[in-house]
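Chemist: Residue numbers (the working numbering): 40 to 359. Structure provided below as structure tokens; questions to follow.
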Ligand SMILES: Nc1ncnc2c1ncn2[C@@H]1O[C@H](COP(=O)(O)OP(=O)(O)OP(=O)(O)O)[C@@H](O)[C@H]1O
Ligand SMILES: [Mg+2]
């Protein structure tokens, strides 16, 4: 395989929240020891229940956050602790597409200035900016006469296209797509997904694709990681994961997806998760999933299982 574009090693992102009874700061362990590699031109899907830390991983990778532990290696360079100035060249290589195409565009800027802004910040010459804006607008399927209009004049799908054009302005190598279609009409979702796939084929960037839509993740991803409560519990190539999932949490998550094929649906029993989701504030020791796991053994409550490679490229963190 190629050299990874990004290596993520034991990534940790703790947030300080309130005080405990002794007046010490408590910590919310949003991401706690996540490791994986991202390869050039691949799409890595990231799934898991709300609050498991997917967005936090994405924001930490593009260095919108400074991780509280672990390492992020970008093309062999450790960028974990670079300060604001030193991280700038990497910022333009790593972009984020947001869920909400309404909130993420400045309503007082024209489409052309929204798309041009990242280039203007990097002091790209104006003539180059103008040419690139025209090129981007065509690439994302907008019209040149949209350039002088404002975001409120566009539909959700068109706004997402504007956001994507802006994200691609500096020719990023890595794009975090955080629920990029969940705010859009179903009829528009496929168009935006197809466009993201075409852009990747043309430009060869790596995507981290965060979504609750497990069938969309299956469609677009080459590999998929499953997160639970700040931890990566299973990771594999997409067809391996969907056909041979091993972690009880992955099984429960996937069993909640409606299945179109009635024969298959009859064979598949929906697994209903028992127990409460523990808070990632002062979590108990052991496996994060222990309190809800059907197969929980004493060892699961004592020690955190390591990620093991159970078959080539298939990683699992489970004692059993
Ligand atoms: N800036 C922050 N300060 C404090 N806590 C935070 C912050 N950002 C996220 N969290 C907490 O970290 C945990 C993980 O949040 P995150 O947004 O990464 O989850 P997620 O998997 O993206 O969820 P969703 O699917 O709902 O988008 C949650 O418990 C959340 O409340
Ligand atoms: Mg999120």
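Virtual Cβ for every residue (Gly too), placed ideally from N, Cα, C.
1) Whose C-beta lies closer than 8 angstroms to the C-beta of residue 220 among residues of the same chain, with five residues either side of it excluded?
2) Given residue 51, which residues of its chain have a CB within under 7 angstroms of its CB, disregarding the five upstream and five downstream residues?
3) Would you give the residue range spanned by the beta strand (DSSP E) that residue 51 belongs to?
4) Tell me which residues share the same chain as residue 97 and place their Cβ nearer than 8 angstroms to its Cβ, disregarding the 5 neighbours each side in the sequence.
5) With DSSP collapsed to three states, give me the class of residue 332.
6) Would you kindly report the start and end of the unbroken alpha helix (DSSP H) that includes residue 281?
7) Does at least one heavy atom of ligand 2 sit under 7 angstroms from the Cβ of residue 245?
8) Per DSSP, what are the beta-bridge partners of residue 136 in this structure?
9) Select from 111, 58, 46, 128 the residue whose C-alpha is nearest the C-alpha of residue 77.
10) Specify the secondary structure class of residue 66 as computed by DSSP and reduced to three states.
11) Under a Cβ-count criterion, where at least 16 other Cβ atoms within 10 Å of its own Cβ denotes burial, should residue 174 be classed as buried or exposed?
12) Compare the Cα-Cα distances from residue 353 to each of 112, 58, 273 and report the closest residue.
13) For the 8 angstroms Cβ check, are there 3 or more pairs between the stretch 156 to 173 and the stretch 234 to 245?
14) Cα-Cα, which of 335, 201, 267 is closest to residue 140?
15) Do residue 83 and residue 271 count as a contact pair if the criterion is CB distance below 8 angstroms?
16) Measure the alpha-carbon distance for residue 345 versus residue 132 and round it to whole angstroms.
17) Within 10 angstroms of its Cβ, does residue 115 collect 16 or more other Cβ (buried), or is it exposed?
18) Indicate whether the contact test is met: 3 or more Cβ pairs, each with one atom in the stretch 336 to 345 and one in the stretch 314 to 328, closer than 8 angstroms.
19) In this structure, does DSSP put residue 270 in helix, strand or coil?
20) If you drop the 5 nearest sequence neighbours on each side, which residues of the same chain put their C-beta closer than 8 angstroms to that of residue 126?
21) Determine the extent of the alpha helix (DSSP H) in which residue 288 is found, giving its start and end residues.
22) Return yes when at least one heavy atom of ligand 1 lies under 7 angstroms from the C-beta of residue 319, else no.
23) Between the beta-carbon of residue 275 and the beta-carbon of residue 262, is there less than 8 angstroms?
24) Relative to ligand 1, is the shortest distance from any of its heavy atoms to the C-beta of residue 92 smaller than 7 angstroms?
25) Return the CA-CA distance between residue 56 and residue 123, expressed in angstroms with no decimal places.
26) According to DSSP, residue 86 sits in a beta bridge with which residue or residues?
27) Ignore the nearest five residues each way along the sequence and tell me which others in residue 166's own chain have a CB closer than 8 angstroms to its CB.
28) On the CB-based measure, 16 or more other CB atoms within 10 Å of its CB, does residue 333 come out buried or exposed?
29) What runs of the alpha helix (DSSP H), each 4 residues or longer, lie entirely inside the stretch 122 to 194?
30) Does the distance between the C-beta of residue 96 and the nearest non-hydrogen atom of ligand 2 fall short of 7 angstroms?
31) Ligand 1 and residue 109: does the residue's C-beta get closer than 7 angstroms to at least one heavy atom of that ligand?
32) Quick one: give me the first and last residue of the alpha helix (DSSP H) that residue 235 is part of.
33) CB-CB under 8 angstroms to residue 194, same chain, minus the five flanking residues each way: which ones, in chain order?
Modeler: So, from the data block:
1) 199, 227, 228, 231, 232, 250, 252, 255
2) 70, 71, 72, 106, 107, 108, 109
3) 45 to 58
4) 85, 135, 215, 217, 247, 249
5) coil
6) 277 to 282
7) no
8) 216
9) 46
10) strand
11) exposed
12) 273
13) no
14) 201
15) no
16) 32 angstroms
17) exposed
18) yes
19) strand
20) 102, 118
21) 287 to 294
22) yes
23) yes
24) yes
25) 24 angstroms
26) 265
27) none
28) exposed
29) 123 to 132, 150 to 160, 165 to 178
30) no
31) no
32) 225 to 242
33) 227
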